[in-house]
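Peer 1: Under the working numbering, the first residue of the sequence shown is numbered 9, with each subsequent residue one higher.
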Amino acid sequence: MEKIVVIAHDKHKATLCDFLNKREAWFRNRKIIATGRTAEFLESNNCLTPVSYVKKGKDGGYIEISKIIQQGKVSMVFFLRDPSIIKPYHEDIVELLNICDNFNIPLSTNIAAAELLIVGKIRMEAANKAKKRINC
Numbered sequence: 009m010e011k012i013v014v015i016a017h018d019k020h021k022a023t024l025c026d027f028l029n030k031r032e033a034w035f036r037n038r039k040i041i042a043t044g045r046t047a048e049f050l051e052s053n054n055c056l057t058p059v060s061y062v063k064k065g066k067d068g069g070y071i072e073i074s075k076i077i078q079q080g081k082v083s084m085v086f087f088l089r090d091p092s093i094i095k096p097y098h099e100d101i102v103e104l105l106n107i108c109d110n111f112n113i114p115l116s117t118n119i120a121a122a123e124l125l126i127v128g129k130i131r132m133e134a135a136n137k138a139k140k141r142i143n144c
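1. Check for me: the alpha helix (DSSP H) holding residue 105 runs from which residue to which?
2. If I follow the unbroken beta strand (DSSP E) through residue 88, where does it start and stop?
3. Helix or strand or just coil, what does DSSP make of residue 39?
4. Let me make sure I understand the geometry here. Which of 98, 26 and 142 has the alpha-carbon closest to that of residue 56?
5. Using three-state DSSP, classify residue 125 as helix, strand or coil.
6. Is DSSP giving residue 77 helix, strand or coil here?
7. Between the Cα of residue 61 and those of 42, 70 and 107, spot the shortest distance and give me the residue it belongs to.
8. Quick check on DSSP: helix, strand or coil for residue 11?
9. Using CA coordinates, which residue listed in 142, 143, 118 and 70 is at the minimum distance from residue 98?
See the structure below:
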C-alpha cells in the first residue's frame, strides 16, 4: 500500500484537515503517516483516518519521517509548514525537506502544490492503466 506523509504546523492543521476530507476518496486506499500532533489533530477533528503516528515533530518525529523516506517507504509528502516560525528543532525540518529532494520524493508545502501533486498522480495512474491495457 502506498504511504503518504502528512504534516501541518499548528497554523495550518485545520487547512490540512479540510484538504484531506475533500480528497478523502483519493486518500482512502493509501496509508497515511503523520507526526504526533498532526495525527492527534486529524483524529480529534474527524479528518481522514486511520492515521499512523510517529513522535511529535519536536520530539523526533521529523527525524523518524526522514528515516522512513530514506528506507524508500514513502511516495509523497504534504507538509503545510509555517516558514516564519523557527524552533530549536528547525534543523530536523530542513533535513526532512532535503531528504525529500535527495530521494526525489514529491513534496508540497502549500495547498495549491498539494492539489497539483494529486492531479499529477491521478494522471500518472490513468496513463499507467491505459498502457497496461494496450500491452495486454
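Note that beta-carbon positions come from the ideal geometry of N, C-alpha and C, so glycine has one too.
Peer 2: From the atom records:
1. Against the sequence shown, residue 105 aligns to sequence position 97. Counting along the chain, the alpha helix (DSSP H) containing residue 105 begins and ends at 98-110.
2. Working through the sequence shown from its first residue, we reach residue 88 at position 80. Taken as a continuous stretch (DSSP letters only), the beta strand (DSSP E) holding residue 88 covers 84-88.
3. Locating residue 39 in the sequence shown gives position 31, counting from the first residue. Reduced to three states, the DSSP call for residue 39 is strand.
4. For the purposes of this step, residue 56 is taken as the residue at position 48 of the sequence shown. Considering only alpha carbons, the answer is 26.
5. In the sequence shown, the residue the question calls residue 125 occupies position 117. Three-state result, residue 125: helix.
6. Numbered from 1 along the sequence shown, position 69 holds the residue referred to as residue 77. In this structure, residue 77 counts as helix in the three-state DSSP scheme.
7. Locating residue 61 in the sequence shown gives position 53, where the first residue counts as 1. It is 42.
8. Here residue 11 is taken as the residue at index 3 of the sequence shown, counted from 1. The answer is strand: DSSP assigns residue 11 an E or B state.
9. For the purposes of this step, residue 98 is taken as the residue at position 90 of the sequence shown. Among 142, 143, 118 and 70, the Cα nearest to that of residue 98 belongs to 70.
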